[in-house]
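Taking it in order: structure first as structure tokens, then the write-up.
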Amino acid sequence: RKEVEQDPGPFNVPEGATVAFNCTYSNSASQSFFWYRQDCRKEPKLLMSVYSSGNEDGRFTAQLNRASQYISLLIRDSKLSDSATYLCVVNRGSGTYKYIFGTGTRLKVLA
Amino acid sequence: NAGVTQTPKFRVLKTGQSMTLLCAQDMNHEYMYWYRQDPGMGLRLIHYSVGEGTTAKGEVPDGYNVSRLKKQNFLLGLESAAPSQTSVYFCASNDRRSYEQYFGPGTRLTVT
Numbered sequence: 020r021k022e023v024e025q026d027p028g029p030f031n032v033p034e035g036a037t038v039a040f041n042c043t044y045s046n047s048a049s050q051s052f053f054w055y056r057q058d059c060r061k062e063p064k065l066l067m068s069v070y071s072s073g074n075e076d077g078r079f080t081a082q083l084n085r086a087s088q089y090i091s092l093l094i095r096d097s098k099l100s101d102s103a104t105y106l107c108v109v110n111r112g113s114g115t116y117k118y119i120f121g122t123g124t125r126l127k128v129l130a
Numbered sequence: 469n470a471g472v473t474q475t476p477k478f479r480v481l482k483t484g485q486s487m488t489l490l491c492a493q494d495m496n497h498e499y500m501y502w503y504r505q506d507p508g509m510g511l512r513l514i515h516y517s518v519g520e521g522t523t524a525k526g527e528v529p530d531g532y533n534v535s536r537l538k539k540q541n542f543l544l545g546l547e548s549a550a551p552s553q554t555s556v557y558f559c560a561s562n563d564r565r566s567y568e569q570y571f572g573p574g575t576r577l578t579v580t
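So this is what it looks like as structure tokens:
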């Protein structure tokens, strides 16, 4: 079993739709959680950190469920420019700077 | 402020050849990392460094060596390239007070 698992997709959604991705992690000691965005053939860029209380940044909402060991990303009012691969990233544990990356979920927003 | 830069952007090697990939950051970050990204595998950590003069192995270190002689530079070496090392290599860095990693644009390496 992979330490961080994501549905690879692709998720094809029309403009304006709401779409949600989940990511599960297996290491219960994981402390920090992130969503990164990666455009085709480009480097990953931080989209948002995920906090226990949940957090929102514009059209994007991230949630953490420690009991079930998953994080989620909700995108409202999808734009064409949201088309990308979304990487779930988990920090392995307290005091370590080693991160585990999911394989990514591909999103395609259609006109 | 260039952020994280990588040299070269592309390279084709023959099996057995050696090369060094250079990563440079101008943000005064303590932590630096080398990852490889392969289809269906996600980014995997090769080596990392928590400060000048220190390096440590990640999850896939075999066949690679690294050095961090200056805080701003992190070098990744392939002593004898193999086709299994065909990949996209990303360098990243972060400040020790923040978990946000900044990535370089990547190096696409093909070993034939």
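Line by line, the protein sequences are chains A and B.
Throughout, the working numbering is defined as the position within the first sequence, counted from one, plus 19.
Throughout, the working numbering is defined as the position within the second sequence, counted from one, plus 468.
Ideal placement from N, C-alpha and C gives every residue a C-beta, glycine not left out.
Bridge partners - residue i, DSSP secondary structure assignment
i: residue 42 of chain A; result: A/25, A/90
i: residue 559 of chain B; result: B/502
i: residue 475 of chain B; result: B/490
i: residue 68 of chain A; result: A/53
i: residue 37 of chain A; result: Bridge partners of residue 37 of chain A: none, in fact.
Between the CA atoms of residue j and residue i - distance to the nearest angstrom
i: residue 43 of chain A; j: residue 31 of chain A; result: 21 Å
i: residue 541 of chain B; j: residue 530 of chain B; result: 21 Å
i: residue 57 of chain A; j: residue 502 of chain B; result: 17 Å
i: residue 79 of chain A; j: residue 504 of chain B; result: 28 Å
i: residue 516 of chain B; j: residue 538 of chain B; result: 14 Å
i: residue 559 of chain B; j: residue 46 of chain A; result: 25 Å
i: residue 117 of chain A; j: residue 65 of chain A; result: 16 Å
i: residue 99 of chain A; j: residue 126 of chain A; result: 10 Å
i: residue 508 of chain B; j: residue 124 of chain A; result: 11 Å
i: residue 95 of chain A; j: residue 63 of chain A; result: 21 Å
i: residue 479 of chain B; j: residue 59 of chain A; result: 19 Å
i: residue 554 of chain B; j: residue 546 of chain B; result: 11 Å
i: residue 521 of chain B; j: residue 76 of chain A; result: 38 Å
i: residue 506 of chain B; j: residue 86 of chain A; result: 31 Å
i: residue 500 of chain B; j: residue 37 of chain A; result: 36 Å
i: residue 528 of chain B; j: residue 513 of chain B; result: 6 Å
i: residue 35 of chain A; j: residue 575 of chain B; result: 35 Å
i: residue 484 of chain B; j: residue 548 of chain B; result: 4 Å
i: residue 471 of chain B; j: residue 556 of chain B; result: 19 Å
i: residue 565 of chain B; j: residue 74 of chain A; result: 20 Å
i: residue 81 of chain A; j: residue 40 of chain A; result: 10 Å
i: residue 23 of chain A; j: residue 122 of chain A; result: 8 Å
Per-residue contacts from residue i into chain A (C-beta, under 9 Å)
i: residue 490 of chain B; result: Under the 9 Å cutoff, chain A gives no residues; its nearest Cβ is about 16 Å from residue 490 of chain B.
i: residue 574 of chain B; result: 60, 61, 62
i: residue 516 of chain B; result: 116, 117
i: residue 577 of chain B; result: In chain order: nothing, as chain A lies at least about 14 Å away.
Within chain A, the residues that residue i reaches when beta carbons sit closer than 8 Å
i: residue 480 of chain B; result: Chain A residues near residue 480 of chain B: none, gap ~17 Å exceeds 8 Å.
i: residue 520 of chain B; result: Ordered by position in chain A, no residue passes the 8 Å Cβ test against residue 520 of chain B, which lies about 15 Å from the chain.
i: residue 667 of chain B; result: The structure shown does not extend to residue 667 of chain B, since chain B is modelled only from 469 to 580, so the question has no answer here.
i: residue 546 of chain B; result: Near residue 546 of chain B there are no residues of chain A at all, since even the closest Cβ is about 20 Å away, more than 8 Å.
Unbroken beta strand (DSSP E) run spanning residue i, endpoints
i: residue 76 of chain A; result: 74-76
i: residue 59 of chain A; result: Element bounds for residue 59 of chain A: n/a, residue is neither H nor E.
i: residue 510 of chain B; result: 510-519
i: residue 458 of chain B; result: What the structure shows of chain B is the stretch from 469 to 580, and residue 458 of chain B is not part of that stretch, so it cannot be assessed.
i: residue 128 of chain A; result: 124-129
Residue i beta carbon near the ligand ZN (any heavy atom closer than 7 Å)
i: residue 502 of chain B; result: No copy of the ligand ZN occurs in the structure displayed, which carries no ligand at all.
Within chain A, partners of residue i - CB distance below 7 Å
i: residue 476 of chain B; result: What residue 476 of chain B touches in chain A: nothing, since even the nearest Cβ is about 15 Å away.
i: residue 509 of chain B; result: 122
i: residue 558 of chain B; result: 62
i: residue 542 of chain B; result: What residue 542 of chain B touches in chain A: nothing, since even the nearest Cβ is about 14 Å away.
i: residue 513 of chain B; result: 117
i: residue 499 of chain B; result: 116
Partners in chain B for residue i, counting only beta-carbon separations shorter than 9 Å
i: residue 110 of chain A; result: 567
i: residue 126 of chain A; result: Those do not exist, as residue 126 of chain A stays about 16 Å from chain B at its closest Cβ, beyond 9 Å.
Residue i: contacting residues in chain B (beta-carbon distance under 7 Å)
i: residue 51 of chain A; result: 567
i: residue 92 of chain A; result: Here the premise fails: no neighbours, minimum Cβ distance about 16 Å.
i: residue 129 of chain A; result: Within chain B, no residue comes near residue 129 of chain A; the closest Cβ sits about 24 Å away, beyond 7 Å.
i: residue 99 of chain A; result: Those do not exist, as residue 99 of chain A stays about 23 Å from chain B at its closest Cβ, beyond 7 Å.
Worksheet entry | Stretch-stretch touch, CB-based, cutoff 8 Å, three pairs: the stretch 483-490 of chain B with the stretch 98-106 of chain A | no
Practice prompt. Decide if the stretch 75-92 of chain A is in contact with the stretch 34-52 of chain A; the criterion is three or more beta carbon pairs, one per stretch, under 8 Å apart.
Written response: yes
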